[in-house]
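Report on the following structure.
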Amino acid sequence: MKKSNVSVKVSSPGKVHLIGEHSVVYGEPAIIAAIGKRCYVEAEKDDAVTITSQNFGKSLSFVFDEVKAFNGKITELWNEAYKNQNFSNLFSITRNDPINYAKVAVCIALEKMKMRGGVSLNINSEIPFGAGLGSGAALAVATIKALSELYDKNLSTEKINNIAFEVEKFAHGTPSGGDNSASCYGGLIWFEKGNPNKIKSLKKEVPYELNNFVLIETKKSGRTTGELVQLVRSLKEDYRNKRIKAIGKLTYEMLEVLKNKGFIKMKEIINEAQKNLAELGVSIPEIDEICSSVRKIDGAAKLCGAGGGGVVLCYHKNKAKLMETLKDLGYRPIEAELGVEGVRIE
Ligand code: PMV
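Under numbering that gives the first Met the number 0, the final residue of the sequence shown carries the number 345; numbering is consecutive throughout.
What follows is the structure, given as structure tokens:
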């Protein structure tokens, strides 16, 4: 008989959208890479539920019976928000204190897995928070996997991904599911929201390492992913759909370019994607300036994830030249491999 775990440690990666953020919410495809920055979650069996975040230097503890009531409350808030197409009340739960995102993740996971016991979680993440790198999704995926291992539930990657999507809904309103899928499966994926979602590894199409990209971080976004998705949704439908469709078309083109390693076309696609994202209102002056400087040296750059600040993906045929320009602008690249392994036991 398999020996039951007393404690487990798992990790799950952050992600970067090569292209397709925001448009993916409306059913267009996205190309997303898991990145070499991970969220580590250690879990131990316990009667109560305790969450400790090393990153925020904070702890949260509550009795197991609170789980059901908490889930009831957030479900009611989500349903009401969905009806009114305004998620502000729901967002205030995670916005006011980021450790509450972990509370949502653990409470949803405990209920979906029909657990009867609590857990003590210790979270340590390398993924910058609120930077467009899917820190929340990685936390959800790692938490669910940790609980599944701890209580011998042996959930499949698909099941873990489905529960992580439920968690993302409470944090972001109407997420696409792309972030949690990239974190779960890892590598480079083609993601299309649907019934069911289309999640395809691009290992065959892109067997080489993505070496000409550099990630840098701008100021933190003052708005959450959910708020930025809501902002795009509030735009005039015709105006929004034109840009969403344009990014969708660019995503199909990028897949072809990734297969053929077409540097010039890749550059055009990334710059065009940024133009559309800026028109959707999710760029900021700091990002616009970086993008303009990178374009001047014949490269390309775009914001990543929800925007409003956060990470910028930069691309150039000559990486050394790109690094020098970014350094002159005062930025240090984020050292992170693209296309790494998904959720795993440590
Ligand atoms: O900023 P992040 O890492 O949460 O990414 C959000 C990506 C969006 O396309 C804007 C939203 C989504 O659910 O796909």
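C-beta: ideal position from N, C-alpha, C; glycine also.
Asked: 7 Å Cβ shell around S292 - same chain, five flanking residues per side excluded; Found: T324, L328
Asked: Same chain, Cβ closer than 6 Å to I107, neighbours up to 5 away in sequence not counted; Found: E165, V166
Asked: Through-space distance from K258 to L17, alpha-carbon basis; Found: 14 Å
Asked: Coil, strand or helix - M0 by DSSP; Found: With a pLDDT of 48 at M0, under the threshold of 50, the modelled position of that residue is not reliable, and no figure is offered here.
Asked: Three or more C-beta pairs below 8 Å linking the segment 17 to 31 and the segment 98 to 116; Found: no
Asked: Reduced DSSP secondary structure (H/G/I, E/B, other) of Y348; Found: No information on residue 348 is available, as it lies outside the stretch 0 to 345 that the chain covers here.
Asked: P174 versus I31 - alpha carbon distance; Found: 15 Å
Asked: Buried/exposed call for G56, threshold 16 Cβ in 10 Å; Found: exposed
Asked: Cβ neighbour criterion (16 or more within 10 Å) applied to E236; Found: exposed
Asked: G26 beta carbon near the ligand PMV (any heavy atom closer than 6 Å); Found: no
Asked: T224 beta carbon near the ligand PMV (any heavy atom closer than 6 Å); Found: yes
Asked: Contact set for V7: own chain, Cβ-Cβ below 8 Å, skip 5 residues either direction; Found: E41, A42, A145, E148, L149, I344
Asked: Three-pair Cβ contact test at 8 Å for the segment 292 to 302 versus the segment 119 to 128; Found: no
Asked: D46 burial status per 10 Å Cβ neighbour count (16 or more: buried); Found: exposed
Asked: The ligand PMV heavy atom lying under 6 Å from the CB of P12; Found: no
Asked: For S220, three-class secondary structure by DSSP; Found: coil
Asked: Exposure of P12, with buried meaning 16 or more beta-carbon neighbours within 10 Å; Found: buried
Asked: Rounded C-alpha distance that separates R115 from V48; Found: 11 Å
Asked: Rounded straight-line distance, which links the Cα of V281 to that of A80; Found: 22 Å
Asked: Residue closest to C183, alpha-carbon to alpha-carbon, out of W189, K203, E157; Found: E157
Asked: Segment contact flag, the segment 200 to 213 with the segment 242 to 260, C-beta cutoff 8 Å, min 3 pairs; Found: yes
Asked: 7 Å Cβ cutoff met for G185 and V310; Found: no
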